[in-house]
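J.:
There are 4 protein chains.
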Amino acid sequence: MLREAAAEFLGTFILIVFGVGVVAQKVLSADANGSYLGINLGWGLGVMLGVYAAAGVTGAHINPAVTVALAVRRGFPWAKVPAYAAAQTAGAFAASAVVFLTYREAFDAFDGGVRLVQGDLATAGIFATYPQPFLSLAGGLVDQVVGTALLLIGVLAISDQRNAGPPAWLAAPLIGLLVVAIGVAFGFNAGYAINPARDFGPRLFTAVAGWGRGVFTAGHGWWWVPIAGPLIGAVLGTWVYDVGVGQALTSKADVRS
Amino acid sequence: MLREAAAEFLGTFILIVFGVGVVAQKVLSADANGSYLGINLGWGLGVMLGVYAAAGVTGAHINPAVTVALAVRRGFPWAKVPAYAAAQTAGAFAASAVVFLTYREAFDAFDGGVRLVQGDLATAGIFATYPQPFLSLAGGLVDQVVGTALLLIGVLAISDQRNAGPPAWLAAPLIGLLVVAIGVAFGFNAGYAINPARDFGPRLFTAVAGWGRGVFTAGHGWWWVPIAGPLIGAVLGTWVYDVGVGQALTSKADVRS
Amino acid sequence: MLREAAAEFLGTFILIVFGVGVVAQKVLSADANGSYLGINLGWGLGVMLGVYAAAGVTGAHINPAVTVALAVRRGFPWAKVPAYAAAQTAGAFAASAVVFLTYREAFDAFDGGVRLVQGDLATAGIFATYPQPFLSLAGGLVDQVVGTALLLIGVLAISDQRNAGPPAWLAAPLIGLLVVAIGVAFGFNAGYAINPARDFGPRLFTAVAGWGRGVFTAGHGWWWVPIAGPLIGAVLGTWVYDVGVGQALTSKADVRS
Amino acid sequence: MLREAAAEFLGTFILIVFGVGVVAQKVLSADANGSYLGINLGWGLGVMLGVYAAAGVTGAHINPAVTVALAVRRGFPWAKVPAYAAAQTAGAFAASAVVFLTYREAFDAFDGGVRLVQGDLATAGIFATYPQPFLSLAGGLVDQVVGTALLLIGVLAISDQRNAGPPAWLAAPLIGLLVVAIGVAFGFNAGYAINPARDFGPRLFTAVAGWGRGVFTAGHGWWWVPIAGPLIGAVLGTWVYDVGVGQALTSKADVRS
Chain A
8 MLREAAAEFL
18 GTFILIVFGV
28 GVVAQKVLSA
38 DANGSYLGIN
48 LGWGLGVMLG
58 VYAAAGVTGA
68 HINPAVTVAL
78 AVRRGFPWAK
88 VPAYAAAQTA
98 GAFAASAVVF
108 LTYREAFDAF
118 DGGVRLVQGD
128 LATAGIFATY
138 PQPFLSLAGG
148 LVDQVVGTAL
158 LLIGVLAISD
168 QRNAGPPAWL
178 AAPLIGLLVV
188 AIGVAFGFNA
198 GYAINPARDF
208 GPRLFTAVAG
218 WGRGVFTAGH
228 GWWWVPIAGP
238 LIGAVLGTWV
248 YDVGVGQALT
258 SKADVRS
Chain B
8 MLREAAAEFL
18 GTFILIVFGV
28 GVVAQKVLSA
38 DANGSYLGIN
48 LGWGLGVMLG
58 VYAAAGVTGA
68 HINPAVTVAL
78 AVRRGFPWAK
88 VPAYAAAQTA
98 GAFAASAVVF
108 LTYREAFDAF
118 DGGVRLVQGD
128 LATAGIFATY
138 PQPFLSLAGG
148 LVDQVVGTAL
158 LLIGVLAISD
168 QRNAGPPAWL
178 AAPLIGLLVV
188 AIGVAFGFNA
198 GYAINPARDF
208 GPRLFTAVAG
218 WGRGVFTAGH
228 GWWWVPIAGP
238 LIGAVLGTWV
248 YDVGVGQALT
258 SKADVRS
Chain C
8 MLREAAAEFL
18 GTFILIVFGV
28 GVVAQKVLSA
38 DANGSYLGIN
48 LGWGLGVMLG
58 VYAAAGVTGA
68 HINPAVTVAL
78 AVRRGFPWAK
88 VPAYAAAQTA
98 GAFAASAVVF
108 LTYREAFDAF
118 DGGVRLVQGD
128 LATAGIFATY
138 PQPFLSLAGG
148 LVDQVVGTAL
158 LLIGVLAISD
168 QRNAGPPAWL
178 AAPLIGLLVV
188 AIGVAFGFNA
198 GYAINPARDF
208 GPRLFTAVAG
218 WGRGVFTAGH
228 GWWWVPIAGP
238 LIGAVLGTWV
248 YDVGVGQALT
258 SKADVRS
Chain D
8 MLREAAAEFL
18 GTFILIVFGV
28 GVVAQKVLSA
38 DANGSYLGIN
48 LGWGLGVMLG
58 VYAAAGVTGA
68 HINPAVTVAL
78 AVRRGFPWAK
88 VPAYAAAQTA
98 GAFAASAVVF
108 LTYREAFDAF
118 DGGVRLVQGD
128 LATAGIFATY
138 PQPFLSLAGG
148 LVDQVVGTAL
158 LLIGVLAISD
168 QRNAGPPAWL
178 AAPLIGLLVV
188 AIGVAFGFNA
198 GYAINPARDF
208 GPRLFTAVAG
218 WGRGVFTAGH
228 GWWWVPIAGP
238 LIGAVLGTWV
248 YDVGVGQALT
258 SKADVRS
C-alpha cells in the first residue's frame, strides 16, 4: 500500500512538475519561451510521463477523480481512495515546490519578490487555475464536469480491452494527447484543471509559500470548483462511455464466449 | 443496429465536441488561447478519439462520406447507410449543444448575446464552415471533392491490410494526423469540412439555437457544398487508391496464394 | 513494373499534394492559415502518407535520390532507376496541378492573375525551392548534400533491421518526423528540397502553367542544385551510416551466426 | 570498443546536428524560419534520431551524464566511461562544425563576419548554452540538477522492463518527447543543456572557430555548470526513480518468481 502511494506520489509529481513548469516558463519569460499551445503540449507530456512512471505499480491514476470514478463504477476498493488522493495531492504539492525552487530567481526578476494572485505581475496562476472574469461558479462547474467527463470517456475508449484500443504500453502517450485535446478545446473558461490534486496541491503550496489566502478567495471562492466538478464529471463520463459503447462491447463479448 | 448507431453517435460526438470546441476557444478568446495550427491539431485529436471510441463496435466511420464510399466500393450494406448518417449527424448536433452550453457565458461576453453569422463578432463559423469571399460554389465543390478524396486515399493506405500499414489499433492516431495534414494544406478555401455530418449537424444546431436562417443562405447558399462534395470525393478517392496501388496489392496477394 | 511505377507515382503525388498544399495555404492566406512550423509539419505528414501509400508495392522511395542511393550501395537494380525517377517526377507534377486547381481562385485573389517568380506577390516558391539572396550555388550544393545525407542516415537508422529500429509499419511516421527535423534545422538556406522529384516536378509545372522561364533562371540558375545535391548527399549519407554503425552491426550479426 | 565509440560519436553527432541546426535556423533567420517551440521540437527530434542511430550498438547514451549514472547505479563498466564521454563530445564538436559549414554564408549575412558571444548579433548561443542575466551560478546548478534528474527519471520510467513501458523500439521517440517536455518547462533559466557533451563540444567549437575565449568567461564563467549539474542530476534522478517506483517493481518481480 505504501508502495502504491509512493508510485501515485511520483506519477503526480511528474505530471505537475512539467505542467506547472511549462506555465512558469511562459509567464516568467513574458511569453518569450512559451505559448498557449506549448502549455497544452507540456501538460500532455506531463501526463504521458507521469503515467509511464506509475503504471507498473498502480496503473497510474494520478488524479483523484479517476480514482473515485474507478471506485464508483469499476470496483476499485474504496478503502484505498483516501491514500491515493492524499498521495496525488502531496505529489502535486512537492512538484510545485520543485518548480518554485528551480525558478526562484526568475520569480524575483519577474515580480520583484512580491507574490501576487491578481494583476499583470500575478504568478499564482502558474500553479493553480483561476476562472475568466465572465465565468460564474455554476458555469465553472459545468466547465469542469464537461472537461472531466470527456477525459474519462477518452481514457476508457483508449484503455478498454474489449474495444479497439492499443496495447497497454501505448496508453500513456494517447492519454497525453487526450489531455492536449481538452486543453486546446476546453481550456479557455478556467484552465482545464479536470483533476482535484492538480489544482489543490499547487494552490496549497502557493497559500503557504508567499501568495497568501487570496488563492482561496479569488474568483468568488473558486478553489472548490476544480475539486467538485472533476469528481462529478469523472463518474458521469464513465457512465456515458458505458451506455454509448461499453454495453455493446459487453454483449459482443458475451456472444463470443 | 441500435448499438452501432449509438457507437457512431458517440464517435461523431467526440470528434465534434473537440473540433467545434477548439474553434470556439480560439474565436471566443480572441486568439489568446488558440491558433490556426491549434485548430488543425484539435480536429486531428478529435478524429483520433472519436475513432477509438467507436472502432470496437462499427469500425468508426464517423463520417457519412466514408459510410457511402464503403457502400459503393467495399460492400458495406446500403440498408445501414441512413441510420449511420443520421446517428453521425445527431452526434454532431449534440456535441455542438455541449460546446455551446460549456461556453455559454463566454459567448455572451464575446458577442453580448447577439448571435451573428457574419462580421467581426460572428460566431457561426465556430460550428459550421463558410467559404472565403473569393470562392465560387464550383470552386468550393472542387475543394471538398479534393479534400475528401485525399482523406479516403489516406484512410485506405493506412488501414488496407494488404498494404504496409500499421496494426488496426494504431489507425486512429494516424488518421488523426491525416486530418491534420488536410487541415494545414487544404483548409484555406472553406475550412475543410470533408464530412457532411461534421458540417450539417452543427449548422442545424446554429439554425435553431439563435443564429437563424442566415446559416443556410450565407456564402450564396453554401450549406449543401460540404454535403455533396465529400460524398463525391470519398468515392473518387477510393477509386484512385484502388487504381494506384490497390490492384497491384491484389495481384501480389493472388500470386502468393 | 508498371505497378511499381504507379505506386511511386501515387506515393510522390501524396507527398507533394500535401507539401505544396501547405505552402500554398500559408502564402495565399498571407500567413493567416499557416506558419513556418505548419509547413514543416505538412511536409512531414506528406512523407508519412506517401510512404504508407506506396510501401506495400515498392517500399516507398518517393525520391530519386533514395532510389539512386539504394542502387549505388544496396543493390537496387539500376534498370529500374529511370522508371522510378520518372514516375516520382510525374507524380510531383500532377500533385502541383491538383493544388493549383484546388486553389485557382485563391491564386487569382492573391496575385490578380499575374503569376510571379519574385517579389511580394510571388507564388513560384509555393511549388519549387529558391535560395536565400546570400546563398551561392556552391553554398547551396553544400546545403543540399548535408540535408540529404542526414535524410539517408536517418532513414537507414530507422529502417535497418539489424539496428534497434521499429517494426516496418512504424517507419512511415518516423521518417515523416525525420523530415520535420530537417525542415526545422536545415530549411533556412534554400527550403530543404532534398529530393530531385519534389523540386523539379513542381518547377516544371510552374514553367508550363503561367510562371514562365524565370523559374529556371532565378537564383543564378538554381534549378539544378536541388537535383545534383540530393543525389550526392544520399550516397554520402548511406556511406556515413555504414561506416558509423552499419559495420558494427554486421560484425555483431556475424558473431551471432 | 572502437565500434561503440563510433556509434556514440554518430548518435551524438545526429543529436547535435539537429539541435544546434534548429537554433541556428531560428537565430540566423531572425525568427522567420523558427520559434521557441520549434527549437524544443528540433532537440526532441535530434534525440529520437540520435538514439535510433546508436541504439543497436551501445543502447544510445549520447550523453555523458547518462553514461555516468549507469556506471554509478546500473553497473555500466567505469572503464568505458572516458571513451564514451570523449566520443560523445567529439560527435557534438563535429556536428557543430557541420552546422557552421552549412550555414556559413548565413552567418556572414547575419553578423557581417564578426562572431559575437553577447549582444543582438551574438551567435555563440546557437552552439552552447548561456544563462539568463538573473541567474546565479548556484541557481544554474539547481536548474541543471533538476532538469537532468527529470531526464533520468523519465528515461528509466520509459525503458525499465519491469515497469509498464513500451517495447524497446519505441523508446527513442518517447525519450525525444521527454526532452521536449524538459524544453517547454525547464528551458528558461539556461537553455536546458542537461548533457555535458551537448554543451561542451559545441562550446569548444566556438572557442576555436572564431568566437574566442569569451565563450568560457561569459555568464561569470558559466561553462562548467552544464557539465557538473547534469552529472549530479543524473545520479540523483536515478536514485529518485529507484526509491519511488523501482523498489516496488523489484519486490513485485520477486513475488512472481
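Residue numbers (the numbering used here), protein chains in the order written: chain A, 8 to 264; chain B, 8 to 264; chain C, 8 to 264; chain D, 8 to 264.
Cβ coordinates follow ideal geometry from the N, Cα and C atoms, glycine included.
Output the distance between the C-alpha atoms of A:A104 and D:Y137, rounded to the nearest integer angstrom.
T.: Your numbering for residue 104 of chain A matches position 97 in the first sequence. Your numbering for residue 137 of chain D matches position 130 in the fourth sequence. Whole-angstrom Cα-Cα distance: 25 Å.
J.: Taking any Cβ of chain A, which residues in the stretch 14-29 of chain B have a Cβ under 9 Å from it, in chain order?
T.: Within the stretch 14-29 of chain B, the qualifying residues are A14, F16, L17, G18, F20, I21, V24, F25, G26, V27, G28, V29.
J.: For C:Y110, return the contacting residues in chain B, with the cut-off set at a CB-CB distance below 8 Å.
T.: As a working note, residue 110 of chain C is residue 103 in the third sequence. Under the 8 Å cutoff, chain B gives F195, N196.
J.: Along the chain, where does the alpha helix (DSSP H) containing A:T245 start, and where does it finish?
T.: Stepping through the first sequence from its first residue, residue 245 of chain A is reached at position 238. 232-248 is the extent of the alpha helix (DSSP H) around A:T245.
J.: Roughly how many angstroms lie between the CA atoms of B:V149 and B:L243, to the nearest whole one?
T.: Locating residue 149 of chain B in the second sequence gives position 142, where the first residue counts as 1. Locating residue 243 of chain B in the second sequence gives position 236, where the first residue counts as 1. Rounded to whole angstroms, B:V149 to B:L243 spans 12 Å at the Cα level.
J.: If I measure Cβ to Cβ from B:G53 and keep anything under 6 Å in the same chain, skipping five residues before and after, which residues do I get?
T.: Working through the second sequence from its first residue, we reach residue 53 of chain B at position 46. Around B:G53: L22, F25, G26.
J.: Going by C-alpha distance, which of B:T213, B:G253, B:G82, B:Y248 is nearest B:Q1?
T.: Outside the shown range of chain B (8 to 264) lies residue 1 of chain B, about which nothing can therefore be said.
J.: Round the Cβ separation of B:A113 and A:F141 to the nearest angstrom and send it over; I've been treating them as touching at under 8 Å.
T.: On the second sequence, residue 113 of chain B is found 106 positions in, with the first residue counted as 1. On the first sequence, residue 141 of chain A is found 134 positions in, with the first residue counted as 1. At roughly 6 Å, the Cβ-Cβ gap stays under 8 Å, so B:A113 and A:F141 are in contact.
J.: According to the Cβ coordinates, are A:T245 and A:L144 closer than 8 Å?
T.: Along the first sequence, read from residue 1 onward, the residue named residue 245 of chain A stands at position 238. Along the first sequence, read from residue 1 onward, the residue named residue 144 of chain A stands at position 137. Cβ atoms of A:T245 and A:L144: not closer than 8 Å.
J.: Consult DSSP for B:M8 and reduce its assignment to one of helix, strand or coil.
T.: Reading the second sequence from its first residue, position 1 is the one you call residue 8 of chain B. Coil, per DSSP.
J.: Enumerate in chain order the residues of its own chain whose CB-to-CB distance from A:F16 is below 7 Å, with the five nearest sequence positions on each side excluded.
T.: As a first step, residue 16 of chain A is located in the first sequence; it is residue number 9 there, counting from the start. Answer for A:F16: A94, A97, G98, listed in chain order.
J.: Let's see if you can read the secondary structure: which residues bound the alpha helix (DSSP H) around C:I160?
T.: On the third sequence, residue 160 of chain C is found 153 positions in, with the first residue counted as 1. Note, C:I160: alpha helix (DSSP H), 144-166.
J.: If the cut-off is 7 Å on Cβ atoms, which residues from the stretch 143-154 of chain C count as contacting chain B, listed in chain order?
T.: none
J.: If we ignore side chains and look at the alpha-carbon of each, how far apart do D:V29 and B:G45 end up?
T.: Within the fourth sequence, the letter at position 22 stands for residue 29 of chain D. Within the second sequence, the letter at position 38 stands for residue 45 of chain B. Rounded to the nearest angstrom, the two C-alpha atoms are 22 Å apart.
J.: Please confirm whether B:I165 and B:I182 have their CB atoms less than 8 Å apart.
T.: Counting from 1 along the second sequence, the entry for residue 165 of chain B is found at position 158. Counting from 1 along the second sequence, the entry for residue 182 of chain B is found at position 175. Yes, the pair counts as a contact, with Cβ atoms nearer than the cut-off.
J.: Would you please verify whether the beta carbon of B:I160 is less than 8 Å from any beta carbon of chain C?
T.: If you number the second sequence from 1, residue 160 of chain B lands on position 153. Chain C, which has a Cβ nearer than 8 Å to the Cβ of B:I160, makes this yes.
J.: Contact between the stretch 70-83 of chain A and the stretch 199-207 of chain A is defined here as three or more beta-carbon pairs at a separation below 8 Å; is this criterion met?
T.: yes
J.: Under 8 Å Cβ-Cβ, which residues of chain A neighbour B:Q32?
T.: Here residue 32 of chain B corresponds to residue number 25 of the second sequence, with the count starting at 1. Those are V191, A192, F193, G194, F195, listed as they occur along chain A.
J.: Can you tell me whether DSSP reads D:L211 as helix, strand or coil?
T.: For the purposes of this step, residue 211 of chain D is taken as the residue at position 204 of the fourth sequence. Under the three-state reduction of DSSP output, D:L211 falls in the helix class.
J.: Determine the direct distance from the alpha carbon of B:L185 to that of A:W218, and round the result to whole angstroms.
T.: By one-based count along the first sequence, residue 218 of chain A stands at place 211. By one-based count along the second sequence, residue 185 of chain B stands at place 178. Approximately 46 Å, taken between the alpha carbons.
J.: Taking 8 Å as the cut-off, decide whether the C-beta atoms of B:R10 and B:V58 are in contact.
T.: Here residue 10 of chain B is taken as the residue at index 3 of the second sequence, counted from 1. Here residue 58 of chain B is taken as the residue at index 51 of the second sequence, counted from 1. Between B:R10 and B:V58, the CB-CB gap reaches or exceeds 8 Å.
J.: Select from the stretch 89-122 of chain C all residues with a C-beta closer than 9 Å to any C-beta belonging to chain D, and list them in chain order.
T.: Correct list: empty, as no residue qualifies.
J.: Within this structure, are the beta carbons of C:G147 and C:A76 separated by less than 8 Å?
T.: For the purposes of this step, residue 147 of chain C is taken as residue 140 along the third sequence, with counting starting at 1. For the purposes of this step, residue 76 of chain C is taken as residue 69 along the third sequence, with counting starting at 1. Taking C-beta atoms as the reference points, C:G147 and C:A76 fail to come closer than 8 Å.
J.: What does the alpha-carbon distance come out to for the pair D:Q4 and A:P233?
T.: Nothing can be reported for residue 4 of chain D: it is not among the residues displayed for chain D, which extend from 8 to 264.
J.: Apart from the five residues on each side of it in sequence, which residues of its chain come closer than 7 Å, Cβ to Cβ, to A:A14?
T.: Working through the first sequence from its first residue, we reach residue 14 of chain A at position 7. Cβ neighbours of A:A14 beyond the five flanking positions: A61, V64, T65.
J.: Pull up the distance between the alpha-carbon of D:R169 and that of D:D249, whole angstroms please.
T.: Locating residue 169 of chain D in the fourth sequence gives position 162, where the first residue counts as 1. Locating residue 249 of chain D in the fourth sequence gives position 242, where the first residue counts as 1. Computed Cα separation, rounded: 12 Å.
J.: Thinking C-alpha only, which one of A:G228, A:G172, A:I133 is nearest B:L56?
T.: Along the second sequence, one-based indexing puts residue 56 of chain B at 49. Selected option, being the one with the closest Cα: A:G172.
J.: Mind listing which residues of the stretch 169-185 of chain D have their C-beta closer than 8 Å to chain A's C-betas, in chain order?
T.: R169, N170, A171, G172, P173, P174, L177, L181, L184, L185
J.: Would C:G228 count as contacting chain B if we go by Cβ distances under 8 Å?
T.: Sequence index remark: in the third sequence, residue 228 of chain C carries index 221 (1-based). Not an interface residue.
J.: Comparing C-alpha positions only, which one of B:F100, B:G18, B:M8 sits nearest to A:G161?
T.: Counting from one through the first sequence, the residue named residue 161 of chain A turns up at place 154. Checking every option, the nearest Cα to that of A:G161 belongs to B:G18.
J.: What do you get for C:V121, buried or exposed, if any count of 16 or more other CB atoms within 10 angstroms of its CB means buried?
T.: Indexing the third sequence from 1 puts residue 121 of chain C at position 114. Burial is judged here by how many other beta carbons sit within 10 angstroms of a residue's own beta carbon; C:V121 has fewer than 16 and is exposed.
J.: Nearest CA to the CA of C:V252: which residue from D:G194, D:G208, D:A67, D:L256?
T.: Working through the third sequence from its first residue, we reach residue 252 of chain C at position 245. The shortest Cα separation from C:V252 among D:G194, D:G208, D:A67, D:L256 belongs to D:A67.
J.: I want to verify the contact list: residues of chain C whose CB lies under 8 Å from the CB of B:L243, in sequence order.
T.: Locating residue 243 of chain B in the second sequence gives position 236, where the first residue counts as 1. Simply none; closest approach about 12 Å.
J.: At what residues does the alpha helix (DSSP H) containing B:V88 begin and finish?
T.: Start at 1 with the first residue of the second sequence, and residue 88 of chain B comes out as number 81. First-last of the alpha helix (DSSP H) with B:V88: 88-109.
J.: Have a look at D:S258, D:L256, D:R210, D:A241 and flag the residue whose alpha-carbon is nearest the alpha-carbon of D:A101.
T.: What you label residue 101 of chain D is simply residue 94 of the fourth sequence in a count that begins at 1. Comparing Cα-Cα distances from D:A101 to each of D:S258, D:L256, D:R210, D:A241, the minimum goes to D:R210.
J.: According to the neighbour-count rule (16 or more other Cβ atoms, all chains shown, within 10 Å of its Cβ), is A:L128 buried or exposed?
T.: Here residue 128 of chain A is taken as the residue at index 121 of the first sequence, counted from 1. By the neighbour-count rule (16 or more Cβ atoms within 10 Å), A:L128 is not buried but exposed.
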